[in-house]
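Here's the structure we're looking at; comments come further down.
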Amino acid sequence: MSILVIAEHDNATLKAGTRNTLSAALKLGITADILVAGYNCQPAARAAASLAGVNKVKVADAAHLADGFAENLASLVVSIAAGYSYILAPASTYGKNFMPRVAALLDVAQISEISAVVDANTFVRPIYAGNALATVESKDAVKVITVRTTSFDAAGDGGSAAIENVLSPADLGCTTLVERELSVSERPELGAAKIVVSGGRGLGNGENYQRVLAPLADKLGAALGASRAAVDAGFVPNDYQVGQTGKIVAPQLYIAVGISGAIQHLAGMKESKVIVAINKDADAPIFQVADYGLVGDLFELVPQLTAAL
Amino acid sequence: MSMKILVPIKRVVDYNVKIRVKADNSAVELDNVKMSMNPFDEIAVEEAVRLKEAGVAVEVVVVTCGIAAAQDILRSALALGADRAILVEVDVAQSETLQPLAVAKLLKALVGQEQPGLVICGKQAIDDDANQTGQMLAALQGWPQATFASKVVIADGKATVTREVDGGLETLAVTLPAVISTDLRLNEPRYATLPNIMKAKKKPLNILTAASLGVDVAPRLITRSVNEPPKRTAGIRVGDVAQLVDKLKNEPKII
Ligand SMILES: Cc1cc2nc3c(=O)[nH]c(=O)nc-3n(C[C@H](O)[C@H](O)[C@H](O)COP(=O)(O)OP(=O)(O)OC[C@H]3O[C@@H](n4cnc5c(N)ncnc54)[C@H](O)[C@@H]3O)c2cc1C
Ligand SMILES: Nc1ncnc2c1ncn2[C@@H]1O[C@H](COP(=O)(O)O)[C@@H](O)[C@H]1O
Numbered sequence: 001m002s003i004l005v006i007a008e009h010d011n012a013t014l015k016a017g018t019r020n021t022l023s024a025a026l027k028l029g030i031t032a033d034i035l036v037a038g039y040n041c042q043p044a045a046r047a048a049a050s051l052a053g054v055n056k057v058k059v060a061d062a063a064h065l066a067d068g069f070a071e072n073l074a075s076l077v078v079s080i081a082a083g084y085s086y087i088l089a090p091a092s093t094y095g096k097n098f099m100p101r102v103a104a105l106l107d108v109a110q111i112s113e114i115s116a117v118v119d120a121n122t123f124v125r126p127i128y129a130g131n132a133l134a135t136v137e138s139k140d141a142v143k144v145i146t147v148r149t150t151s152f153d154a155a156g157d158g159g160s161a162a163i164e165n166v167l168s169p170a171d172l173g174c175t176t177l178v179e180r181e182l183s184v185s186e187r188p189e190l191g192a193a194k195i196v197v198s199g200g201r202g203l204g205n206g207e208n209y210q211r212v213l214a215p216l217a218d219k220l221g222a223a224l225g226a227s228r229a230a231v232d233a234g235f236v237p238n239d240y241q242v243g244q245t246g247k248i249v250a251p252q253l254y255i256a257v258g259i260s261g262a263i264q265h266l267a268g269m270k271e272s273k274v275i276v277a278i279n280k281d282a283d284a285p286i287f288q289v290a291d292y293g294l295v296g297d298l299f300e301l302v303p304q305l306t307a308a309l
Numbered sequence: 310m311s312m313k314i315l316v317p318i319k320r321v322v323d324y325n326v327k328i329r330v331k332a333d334n335s336a337v338e339l340d341n342v343k344m345s346m347n348p349f350d351e352i353a354v355e356e357a358v359r360l361k362e363a364g365v366a367v368e369v370v371v372v373t374c375g376i377a378a379a380q381d382i383l384r385s386a387l388a389l390g391a392d393r394a395i396l397v398e399v400d401v402a403q404s405e406t407l408q409p410l411a412v413a414k415l416l417k418a419l420v421g422q423e424q425p426g427l428v429i430c431g432k433q434a435i436d437d438d439a440n441q442t443g444q445m446l447a448a449l450q451g452w453p454q455a456t457f458a459s460k461v462v463i464a465d466g467k468a469t470v471t472r473e474v475d476g477g478l479e480t481l482a483v484t485l486p487a488v489i490s491t492d493l494r495l496n497e498p499r500y501a502t503l504p505n506i507m508k509a510k511k512k513p514l515n516i517l518t519a520a521s522l523g524v525d526v527a528p529r530l531i532t533r534s535v536n537e538p539p540k541r542t543a544g545i546r547v548g549d550v551a552q553l554v555d556k557l558k559n560e561p562k563i564i
């Protein structure tokens, strides 16, 4: 029952979700191998080797793996897949992009975004924006799985796995990177933050969003998030979106400001430990999931809250 | 360029419907529930029609794999400006277990027949939330892909696509033919006008069967049960900010 976890990383460090994916893998077996595919990615490989439960780190270091293109990644994973019964990656935009290619090339199903492991063949996954949970059993010899990282704890440190180089198949040469505009932020990563302050259409515009929410987030050391409406209206970039088709978050504290609570939004945050909602509409659906609801004008209440903390 | 665009679309429970799990926990209730085109697929149809209007494509063909009733979304797509529609018909039992790998294989067979220069699909069907089919089709064809698109430019045999990724935005150039999957901000789909709805009734709609395409649509995943998630109950209303701060400070390990 060998298990392969595909690490998500930026060549230097591992992305937080890699640890959660490993801990999902360790529900299926005692140890797992990790593949680190990238360019000049030895530091990420060393970080992977130090995680508890890792048997071996396989490193594919090549210029054409630098940008994480799905075509090259999938062909690499398929080239080393023999002998593995499970192949797992985080259900981030990284994992969602290439894992279905791996599954199709192996002629097996992908089991998307599992939230629990029932047994060796059976998994739970949310469907319909998390309004139902399906328990599915795989009939395939190799299980290609993406993992909802908020549903599994982060694997700890303490390993000292061997690092082994693997050759990567040639560049497929069909894709080139034109530009990357990554958001730079001093704040914690949205998907892994302990506290998230999230704003919706009620903020009115991007300037208000920053003026009202940034001081609160600063005070709490929180990540900033948003509803789709706030992203569509250009208040904040796309990577702020929380929800069914955005990011899934499950922080200790989620503060929803001027967000109505559409099911697609709830899908991304209703596993948060404590939810606070601030909204002027006492009937807004967000109050149905909020532990603490405060009805009123956010432009008065949020600055008061920031001052009181 | 005289490119044809193939747009796969899926009929799903309308995004406004609050779904219910069947009493026997076998599935989500679909009887007497409003069904619509998957929202991401509307965006895909819109993008394809715009590329045709811009002279980049000559024909937009929409396809769905589903039951006979799924002709309704094909007609909707024709009313939005698609030229021709194909239903790959499966029976009700098959449609309940039709999974992305099988759909990707059906689409591959159609790509073989239609020879499109580009496939534009949705990034995710909002019923199964799988987010797989486009990538699988691309892999089976040996084509490049550009998923989660928020901007598409076609020129010189290439698609230059801006993608919504976790860290922000990424722009790729992929050689054609390719598969592109749509994200929410690619465009805002138009509404069908009454004259266009009337015209759509006369546009060609072909019906094929999965068997005639030689594809095995048997499921690889067996659904053992479908359950409601644990309900989150509403907490309390606090009267003012001071009370909220007090509550939060008394919650363990939060602030
Ligand atoms: C296919 C699909 C996918 C989607 N995916 C997502 C997703 O991933 N994430 C997501 O968030 N949405 C998603 N949506 C959109 C979702 O359906 C809602 O439209 C969206 O979440 C609404 O955002 P909102 O709550 O900010 O805006 P609104 O619903 O307009 O709510 C604004 C709220 O602000 C309150 N307000 C206004 N002014 C004030 C004030 N001064 N003080 C206090 N409160 C105020 C109002 O009372 C209202 O409740 C998706 C939709 C579709 C169709
Ligand atoms: N039965 C189907 N018929 C046609 N297209 C489909 C079907 N299922 C999925 N698709 C396409 O694949 C996309 C992703 O679906 P999924 O992989 O199921 O999340 C959808 O947005 C559609 O474009």
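Chains A and B are the protein sequences, given in the same order.
Just so you know, we're using our numbering here: the first sequence kicks off at 1 and counts up by one.
Just so you know, we're using our numbering here: the second sequence kicks off at 310 and counts up by one.
Beta carbons: idealized from backbone N, C-alpha and C, even for Gly.
Here the structure is a predicted model, which means the values were calculated and not measured.
If you draw a 10 Å sphere on the C-beta of residue 475/B, you find 16 or more other C-beta atoms in it, and that means buried.
DSSP, reduced to helix, strand and coil, places residue 423/B within a helical segment of the structure shown.
For residue 447/B, the three-state secondary structure derived from DSSP is helix.
Pairwise C-beta distances place the region 415-424 of chain B out of contact with the region 532-547 of chain B, as fewer than three of them are shorter than 8 Å. Restricting attention to alpha helix (DSSP H) runs no shorter than 4 residues, the region 60-125 of chain A encloses them at 70-79, 93-105, ordered along the chain. The three-state reading of DSSP puts residue 206/A in helix, counting H, G and I together. Only residues of its own chain outside the window of five on either side were considered, and among them 346, 501 have a CB closer than 7 Å to the CB of residue 385/B, listed in chain order. Listed by position along chain A, the residues whose Cβ is nearer than 9 Å to that of residue 413/B are 100, 104. Straight across, the Cα-Cα distance linking residue 383/B with residue 168/A is about 43 Å. The region 479-519 of chain B is shown to contain whole beta strand (DSSP E) runs of 3 or more residues at 487-491, 514-518, in chain order. In the DSSP assignment, the residues bridged to residue 320/B are 346/B. For residue 263/A, the enclosing alpha helix (DSSP H) begins and ends at 263-269. In the structure shown, residue 284/A falls within a coil segment according to DSSP collapsed to helix, strand and coil. Per DSSP, the unbroken beta strand (DSSP E) holding residue 472/B starts and ends at 467-474. By the rule that beta-carbons nearer than 7 Å mark a contact, residue 491/B does not touch chain A. In the three-state reduction of the DSSP assignment, residue 333/B falls in the coil class, being assigned neither a helical nor a strand state.
At least one heavy atom of ligand 2 falls within 6 Å of the beta-carbon of residue 412/B. Checking the DSSP bridge columns, you'll see residue 254/A partnered with 196/A, 275/A. Within 10 angstroms of the beta-carbon of residue 341/B lie fewer than 16 other beta-carbons, which makes it exposed.
With contacts defined as CB atoms closer than 7 Å, residue 445/B and residue 482/B fail to qualify as a contacting pair.
According to DSSP, residue pairing for residue 368/B in a beta bridge involves 313/B.
For residue 237/A, the residues of chain B that pass the 8 Å Cβ criterion are 477, 478, in the order they occur in the chain. DSSP places residue 457/B outside any alpha helix (DSSP H); the residue lies instead in the beta strand (DSSP E), whose first and last residues are 454-464.
DSSP, reduced to helix, strand and coil, places residue 389/B outside both helices and strands of the structure shown, so it counts as coil. Taking 9 Å as the upper bound on Cβ-Cβ separation, chain A lies near residues 445, 446, 447, 448, 449, 451, 452, 453, 454, 455, 456, 457, 459 of the region 445-462 of chain B. Beyond the five residues adjoining it in sequence on each side, residue 212/A comes within less than 6 Å, by CB distance, of 302 in the same chain, given in chain order. With the criterion set as a beta carbon lying under 7 Å from some beta carbon of chain A, the members of the region 508-539 of chain B are 529, 530, 531, 532, 533, 534, 535, 536, 537, 538, in sequence order.
Chain-ordered, the chain A residues with CB closer than 7 Å to the CB of residue 473/B read 238.
Boundaries of the alpha helix (DSSP H) around residue 232/A: 228-232. The three-state reading of DSSP puts residue 191/A in helix, counting H, G and I together. Under DSSP, the beta-bridge partners assigned to residue 4/A are 33/A, 87/A. Annotation for residue 301/A: the continuous alpha helix (DSSP H) segment containing it runs 298-308. Chain-ordered, the chain A residues with CB closer than 7 Å to the CB of residue 483/B read 174, 175. At least one heavy atom of ligand 1 sits closer than 6 Å to the Cβ of residue 298/A. In the three-state reduction of the DSSP assignment, residue 406/B falls in the coil class. Comparing C-alpha distances from residue 61/A to each of 159/A, 111/A, 76/A shows the shortest one belongs to 76/A.
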